[in-house]
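First residue of the sequence shown: 1, per full-length UniProt numbering; consecutive thereafter. For reference, the structure discussed in these notes is given below.
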Amino acid sequence: MTQTCLLFTSNTFSMIEDDAFMGLSYLQYLTVGLSLTPPSPHSFIEDNKIGSISKNALRGLRSLTHLSLANNHLEALPRFLFRDLETLTHVDLRGNPFQCDCRVLWLLQWMPTVNASVGLGACAGPSALARMQLNHLDPKKFNVESFSYQGEPHVILAQPFAGRCLILVWDYSLQRFRPEEEVSAPSVVSCKPLVLGPRLFILAARLWGGSQLWSRSSPDLRLAPIQVLAPQRLLRPNDAELLWLDGQPCFVVADASKAGSTTLLCRDGPGFYPRQSLHAWHRDTDAEALELDGRQHLLLASASQRPVLFHWFGGRFERRTDIPEAEDVYATKHFQAGGDVFLCLTRYIGDSMVMRWDGSMFRLLQQLPSRGSHVFQPLLIARDQLAILGSDFAFSQVFRLEPDKGILEPLQELGPPALVAPRAFAQVTVAGRRFLFAACFKGPTQIYQHHELDLSA
1 MTQTCLLFTS
11 NTFSMIEDDA
21 FMGLSYLQYL
31 TVGLSLTPPS
41 PHSFIEDNKI
51 GSISKNALRG
61 LRSLTHLSLA
71 NNHLEALPRF
81 LFRDLETLTH
91 VDLRGNPFQC
101 DCRVLWLLQW
111 MPTVNASVGL
121 GACAGPSALA
131 RMQLNHLDPK
141 KFNVESFSYQ
151 GEPHVILAQP
161 FAGRCLILVW
171 DYSLQRFRPE
181 EEVSAPSVVS
191 CKPLVLGPRL
201 FILAARLWGG
211 SQLWSRSSPD
221 LRLAPIQVLA
231 PQRLLRPNDA
241 ELLWLDGQPC
251 FVVADASKAG
261 STTLLCRDGP
271 GFYPRQSLHA
281 WHRDTDAEAL
291 ELDGRQHLLL
301 ASASQRPVLF
311 HWFGGRFERR
321 TDIPEAEDVY
331 ATKHFQAGGD
341 VFLCLTRYIG
351 DSMVMRWDGS
361 MFRLLQQLPS
371 RGSHVFQPLL
381 IARDQLAILG
391 SDFAFSQVFR
401 LEPDKGILEP
411 LQELGPPALV
421 APRAFAQVTV
431 AGRRFLFAAC
441 FKGPTQIYQH
451 HELDLSA
């Protein structure tokens, strides 16, 4: 007799391990949790306490059509959980306390690729996203400096003194990050990845020698240069960002040369070509893509004037406004919390600033002392909205957004030892562990692991 339905009712087990259902290749209905649908011949009400499920737990269930993990204690699901489950038509994940950080990014990207009805439910955290429906989250808004390629998390580092873009991948056997491949890029200032299906692009923005686009068409091939990017416009790049415009991938490269111009490069055939020049003669130092009022915007910081906000209109960026009382801003980053959009403005001398969008312009919310700062990076880690203010002369400071007050409060210092001229921070979640990368200009890149301490006792 072939078993096609399997139900778990009112059990107390807390995890499902690899190959838990091996041998049940004809199984069609699997319910492990409290079903939110009325009872039927294939669906009963159960209640379990599953808080962890291994990525190969469902391996071998090639006939599975209905899967319910509803009303358990799952905060995240592992990548590849649904790999090879091509017959799935219904997935119920509701009633779990999902933490809507980078761990759910793969799930949001997976949903549009399958022909299945997926019930997700609401976020349980972090506080900025609590009670928001998962299917209302925009994958492009996740502040993830790392990138996912073929389902595995990767990290890319710009190393100007070594003259390369270094790609790191997690080694599950050694439990550490290891180099996977490198791109030769002397005087590189930014390495920006773009994944389109099996194809990987790397934009290497370089101070001298011309910025380049590298590509590989499949995982078994090596990266190779395919294009020199806008050599007459990009004379001294300082930053590069990826953004999507009208469903099309584009790069924007901020140029700090007085004779160059910040350039928008969009895909056209096999390469990326100039679509628009922006802000000529202003020596731009940073670009930040963000969405305001449902429309794509671009914020440019420069050495010669206040940051300028552009909005996408009629197939091009048009100037909308500037940021008041924000002179000498080196870089800008944004984050969302409680339905509001916040800006972190970095100043090398003076106070860095936090601003909030009021519907027509950004207004000052908070000033934070900063001496020798080149980076003020917001990050969503576990349940907390954090922001890290780097320093060339002191310890870098970690701040946490207090939802009740709506401002950033000091949380901790990074060190000792102090970071030496930090330039970028990135969060990576892999194998259930959360890491913070701190890329430094005058010292080695440091990797921290995030720990949550229970201080209630």
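We put the CB at the ideal spot given by N, CA and C, even for glycine.
- The beta-carbon separation of residue 249 and residue 233, rounded to 19 Å, does not stay under the 8 Å limit for a contact.
- The Cβ atoms of residue 134 and residue 91 lie no closer than 9 Å to each other.
- Looking at the DSSP output, residue 241 sits in a beta bridge with 252.
- When DSSP reads this structure, residue 227 sits in a beta bridge with 213.
- Listed in chain order, the non-local C-beta contacts of residue 392 below 6 Å within the same chain comprise 372 and 421, local neighbours out to five positions each way being set aside.
- Residue burial annotation: residue 442 is exposed, with fewer than 16 other C-beta atoms found within 10 angstroms of its C-beta.
- In the structure shown, the three-state DSSP call for residue 114 is coil.
- Within the same chain, 19 come within 6 Å of residue 59 by CB-CB distance, once the 5 residues on both sides are set aside.
- For residue 125, the enclosing beta strand (DSSP E) has its first and last residue at 123 to 125.
- Approximately 6 Å separates the beta-carbon atoms of residue 202 and residue 165; this is inside 8 Å, confirming the contact.
- Here the segment 344 to 353 makes no contact with the segment 309 to 320; the two share fewer than three CB pairs at distances below 8 Å.
- The criterion of a C-beta distance shorter than 9 Å is satisfied by residue 240 and residue 287.
- A check of alpha carbon separations from residue 174 across 86, 431 and 390 identifies 431 as the nearest.
- For residue 281 and residue 116, the gap between their C-alpha atoms comes out near 51 Å.
- If you check the CB distance, residue 196 and residue 252 do not come in under 9 Å.
- As DSSP reads the structure, residue 119 sits in a beta bridge with 92.
- For residue 310, the uninterrupted beta strand (DSSP E) segment begins and ends at 308 to 313.
- Short of 6 Å from the beta carbon of residue 243, and not among the five residues preceding or following it, lie these beta carbons of its own chain, in chain order: 250 and 289.
- Excluding its 5 nearest sequence neighbours in each direction, residue 181 has C-beta neighbours in its own chain below 7 Å: 167, 222 and 223, listed in chain order.
- With a threshold of 16 other beta carbon atoms within 10 Å, residue 75 meets it and is buried.
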